[in-house]
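Visitor: Just so you know, we're using my numbering here: the sequence shown kicks off at 97 and counts up by one. A virtual CB, placed ideally from N, CA and C, is assigned to each residue, including glycine. Keep in mind that this is a model prediction, so the values were computed, not measured.
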Amino acid sequence: MRRTLLRILLILLFIPLSAALGHASADDKTIKVQVNQLNIREGPSLTSAVAGKAYYGEEYKVLKEKGDWIQIDFGGRKGWAAGWLVQTTEAVRTDESPTALVTADSLRVRNGPGEQFQVIGTLDQGETASVLEQNESWVKLQTKNLSGWVSADFIQLSGKSAPAPEKKNPSEGTNMGEVRASASLFVRAEPSLNGKIIGEITEDGFYTIIKEEKQWIYLEYKKGKKGWAPRWFLERSSSEKKTAQEAPAEGSKIKILYEGTSLRSQADVNSKIVKRAEKGKVYKVQAAAGSWYKVMDGNQNLYIAGWMASNLNGTPQIAEPGPQEYLKDRLIIIDPGHGGEDRGTTGALGTLEKNLTLRTALLLYNKLDAAGARPILTRSHDTYISLQTRTAAANSRYGATFLSIHYDSSQQNDVQGFTAYYFHGYQKALAECLEEAMAQNLMLSSRGARQGNYHVLRENKSSAALMELGYLSSPNEEQVLRSRKFQEKAASALYKGLAEYFKRMD
Ligand SMILES: [Zn+2]
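1. Quick one: is T474 buried, meaning 16 or more other Cβ sit within 10 Å of its Cβ, or exposed?
2. Is the distance from the Cβ of R546 to the Cβ of Y517 below 8 Å?
3. Does the distance between the C-beta of H551 and the nearest non-hydrogen atom of ligand 1 fall short of 7 Å?
4. Say the cut is 7 Å; is the CB of E41 nearer than that to a heavy atom of ligand 1?
5. Taking the alpha-carbon of T298 as reference, which of V275, E308 and H520 has the nearest alpha-carbon?
6. Evaluate the contact criterion for the segment 215-229 versus the segment 161-178: three or more CB pairs, one atom per stretch, below 8 Å.
7. Between G593 and Y422, what straight-line distance do the alpha-carbon atoms span, to the nearest angstrom?
8. Secondary structure at P432, three-state DSSP: helix, strand or coil?
9. How about I430 and R470: are their beta carbons less than 8 Å apart?
10. Put A587 into one of helix, strand or coil per three-state DSSP.
11. Is V552 helix, strand or coil by DSSP?
12. According to DSSP, is N537 part of a helix, a strand, or is it coil?
13. Can you tell me the Cα-Cα spacing of I216 and W234, whole angstroms?
14. Can you tell me the Cα-Cα spacing of R173 and M563, whole angstroms?
15. Let me know the secondary structure DSSP gives D169 once reduced to three states.
16. What residues does ligand 1 have around it, judged by CB closer than 5 Å to any heavy atom, in chain order?
17. Give the secondary structure of L568 by DSSP, where H, G and I count as helix, E and B as strand, and everything else as coil.
18. Which stretch, first to last residue, makes up the alpha helix (DSSP H) that contains D465?
19. Report the residue from L353, E528 and Y389 whose alpha carbon sits nearest the alpha carbon of S361.
20. Less than 7 Å between C-beta atoms, sequence neighbours within five positions excluded: which residues of the same chain meet that for V603?
21. Among the candidates R206, F598, S288 and N231, whose CA atom is the shortest distance from the CA of K424?
22. Grouping DSSP H, G and I as helix and E and B as strand, with all else coil, what is E528?
23. Taking the straight line between their C-alpha atoms, what separation do you get for K292 and S558?
24. Answer yes or no: do Y550 and F302 have a C-beta to C-beta separation smaller than 8 Å?
25. With a CB to CB cut of under 7 Å and the five nearest residues on each side skipped, what residues in its chain are close to T68?
26. With burial defined as no fewer than 16 other Cβ atoms inside 10 Å of the residue's Cβ, what is the status of T184: buried or exposed?
27. Taking buried to mean at least 16 other C-beta atoms within 10 Å of its own C-beta, is S288 buried or exposed?
28. How would you write the range of the beta strand (DSSP E) that A147 sits in, first residue to last?
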């Protein structure tokens, strides 16, 4: 009797669950858009009329395939997508289960729903997984080779049982449009650099504008969550701009504007440079991928940044987005402090300043180089160089901007934060831009932009700044400073600060 009752109870318990899961349909194939915007066409060819546009990360059901082209269900209509601009995924999830998109750098997967559980793997930003279970703050995910729990804060849910991402509250600025972040930025509770940090937006992400105020934009940075982000590196992606940028490209011809223009493996400034093109060379455009052109060189498909080429059909040239525009061709001397027998300060945990300054400098060097700037390092390995030699690196070149990188130390081990120094009045604006960018992008507290009597500033005829990027004498801060994440973020903040400086000087 009791056993029967138990069985009935079990059956009752399981009915709603299995009904909710729906039927698994393993032959469902979907595509995921891999470029900022994608033309959906009426036929499987670049000359077919454009039926609409799809955007990065969106997923569509595949109806059929023809050569390089894929026919999709485009919101109830049929449309064709270029196969090389999308990623095809075999859906193994059930009809009703939502999918999760990883929004964090390297997301830990654990064998239970809590920090106390063991880490069994990691997921990268942009990876998707199907959702098996969830509670308030933890979600159980299934990927091809991993199943486990992750924190709900670092994923974005989509799919039929999650709220539709397209739905906007009509009372709130539906016409305000969208912005694309050309850099990752903090989101704050108030429109001020002193506002509390409540979240973060990622580079190349699209965000809905709710309202604007002077140098700040109030936007939805996460489903249902709103905050303020500075306008600096938010680029409006309203429909007029999108069509002006993309429509003319396909099938037309472009001419390379600069000697040695990079031809890359992807439509992304961080992707591999496969070869360089000569100035004046003409290419036929195979497709437009956001603000990039896809061209055929030999038998390779390569990408050229739209702002490096002019369009021969008399259509407007693509305007370069983001910091690169201001950094291109700028001569920037990066000076990693100390080196060789001059070790600089030694951290509470043993970090040598001379090593950390070089690490930050090399990261910054790579970013500037990729953006088309002309960075020069005063040293690129562990050697001693005099202060005079460092200063001469700037003074011997016309139009250089000088940035010296250091880490700080204090007798009191509770002093923390970074400081931007200048000496001459003509150096102040640079120090201020770097200070602001650091404050905007790092959790470290700012000690402000100050005048400091340092040889490399005082004897420098260029715009110059010396950054003390935090205190190695504080064991807590030292731990942060030597982490890969901090190093990446600091280099990226300095990069953005330099771009902002050149933007203001223009
Ligand atoms: Zn130093």
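Guide: Inspection of the coordinates gives the following:
1. The residue is buried, with at least 16 neighbouring Cβ atoms inside 10 Å.
2. Yes. Within cutoff.
3. Distances between the C-beta of H551 and the heavy atoms of ligand 1 are all 7 Å or more.
4. Lying outside 97 to 602, the shown extent of the chain, residue 41 is not represented and no answer is given.
5. Closest by alpha carbon: V275.
6. The segment 215-229, when compared against the segment 161-178, does not touch it at the 8 Å Cβ threshold.
7. Cα to Cα, the separation comes out at about 11 Å.
8. Strand at P432.
9. Between I430 and R470, the C-beta gap is not smaller than 8 Å, which leaves the two residues out of contact.
10. A587 carries a helical assignment under DSSP once its states are collapsed to helix, strand and coil.
11. V552: helix per DSSP, three-state reduction.
12. Note: N537 maps to helix in three-state DSSP.
13. Taking the Cα positions, I216 is about 15 Å away from W234.
14. Taking the straight line from one Cα to the other gives about 56 Å.
15. Note: D169 maps to strand in three-state DSSP.
16. Going down the chain, each residue whose beta-carbon is closer than 5 Å to a heavy atom of ligand 1 shows up: G433, G440 and H502.
17. In the displayed model, L568 falls within coil according to three-state DSSP, outside both helix and strand.
18. Residues E449 to A466.
19. Cα-wise, what sits closest to S361 is Y389.
20. The structure shown has nothing for residue 603, since the chain only spans 97 to 602.
21. Ranking R206, F598, S288 and N231 by Cα distance to K424 puts F598 first.
22. For E528, the secondary structure class from DSSP, reduced to helix, strand or coil, is helix.
23. Roughly 35 Å between the two C-alpha positions.
24. Taking 8 Å as the Cβ cut-off, Y550 and F302 do not qualify as a contacting pair.
25. Nothing about residue 68 can be reported from this structure: the residues present for the chain run from 97 to 602 only.
26. By the neighbour-count rule (16 or more Cβ atoms within 10 Å), T184 is not buried but exposed.
27. Looking at its Cβ environment, which holds fewer than 16 other Cβ atoms inside 10 Å, S288 is exposed.
28. DSSP places A147 inside the beta strand (DSSP E), whose first and last residues are V146 to Y151.
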